[in-house]
Amino acid sequence: MFDLLLFTTFFKIGLFTIGGGYAMIPMIQQSVLAHGWMTVTDMIDFIAISESTPGPFAVNIATFIGMTRGGISGALAATLGVVLPSFIIILLIARFFLKFQDNTWVKAVLTGVRPAVVGLIASAALSIFVVNIFHGVSLEGLLASHTLPAVNWRGLIIVAAILVIARWKPKLHPIFLILISGALGVVLHLALPFLN
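Just so you know, we're using the working numbering here: the sequence shown kicks off at 95 and counts up by one.
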């Protein structure tokens with residue numbers, strides 16, 4: 095049976111997210127956690143898998159979450175939900191944008207939207223960082239806590255190494271950074287088993 099809740103949830107995410115897949119992460123995370131479909135740690139794993147597999151990030155993560163929640167029909171519902179708004183909007187833009195691209199109001203809206211996209215991506219990055227560095231503690235949990243939770247030192251070392259490599263070799267394809275981080279995870283696990 096077609097999962098209408100998955101479809102409408104991802105339709106809203108697809109409709110109100112401007113800036114691509116990464117800008118969707120905060121909305122997806124909020125929706126998925128609100129519905130109790132998975133934990134924060136599961137969400138982070140799905141983000142990593144979605145980034146690592148071929149295809150658009152938004153389609154991948156919607157498909158994976160849909161499949162987990164409702165099998166094939168869930169995957170279809172979530173994927174259609176996330177793709178359909180973009181498809182409709184692109185059709186409308188193709189029809190009308192050329193007429194309005196020089197309009198002062200259109201330019202003003204686009205100028206206002208760009209910083210919001212940066213903020214959404216930064217928010218998603220910070221949430222993912224906190225969950226990975228503090229053993230599954232969410233950003234909200236960290237802010238509400240009166241004590242600092244245990245630090246995932248392996249994760250912190252890997253994040254630092256990938257940041258250095260990405261700045262040193264900015265044209266290195268992200269898949270290589272993911273492979274390097276996986277290799278570093280294995281090496282650190284074997285070489286420094288006492289680090290949690």
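All C-beta atoms, glycine included, are put in the ideal place defined by N, C-alpha and C.
Quick caveat, the model's predicted, so the values are computed rather than measured.
_Quick check for students: name the residue ranges of the alpha helix (DSSP H) that lie wholly in the stretch 111-161, counting only runs of 4 or more._
115-129, 134-146
*The alpha helix (DSSP H) enclosing Thr205, as first and last residue numbers*: Translated into positions along the sequence shown, residue 205 becomes position 111. Where Thr205 is concerned, the enclosing alpha helix (DSSP H) stretches over 198-227.
*For Pro287, which three-state DSSP category applies?*
Taking the first residue of the sequence shown as 1, we reach residue 287 at position 193. Coil at Pro287, not helix or strand.
*Can we say the stretch 163-182 touches the stretch 256-267, given the rule of at least three CB pairs closer than 8 Å?*
no
_Buried/exposed call for Gly168, threshold 16 Cβ in 10 Å_ = The sequence position of residue 168 within the sequence shown is 74, counting from 1. Gly168 comes out buried.
_alpha helix (DSSP H) segment containing Ala231, residue limits_ = Locating residue 231 in the sequence shown gives position 137, where the first residue counts as 1. This sequence places Val at residue 231; Ala is not what is there. Here Val231 belongs to no alpha helix (DSSP H), and DSSP marks it neither H nor E.
*asked:* Using CA atoms only, rank isn't needed, just tell me which of Ile256, Ile252, His229 is closest to Val134.
replied: One-based indexing of the sequence shown puts residue 134 at position 40. For the residues Ile256, Ile252, His229, the minimum Cα distance to Val134 belongs to His229.
*Span of the alpha helix (DSSP H) holding Val253?*
On the sequence shown, position 159 is the one that residue 253 refers to. Unbroken alpha helix (DSSP H) run through Val253: 247-262.
*Determine contact between the stretch 156-163 and the stretch 96-110, defined as no fewer than three beta-carbon pairs at a distance below 8 Å.*
yes
*Quick one: grab the DSSP three-state call for Pro268.*
The count along the sequence shown starts at 1 and reaches residue 268 at position 174. DSSP places Pro268 in helix when its eight states are reduced to three.
*Beta-carbon spacing of Ile227, Asn246 below 8 Å*: By 1-based counting over the sequence shown, the position of residue 227 is 133. By 1-based counting over the sequence shown, the position of residue 246 is 152. For Ile227 and Asn246, yes; Cβs fall inside 8 Å.
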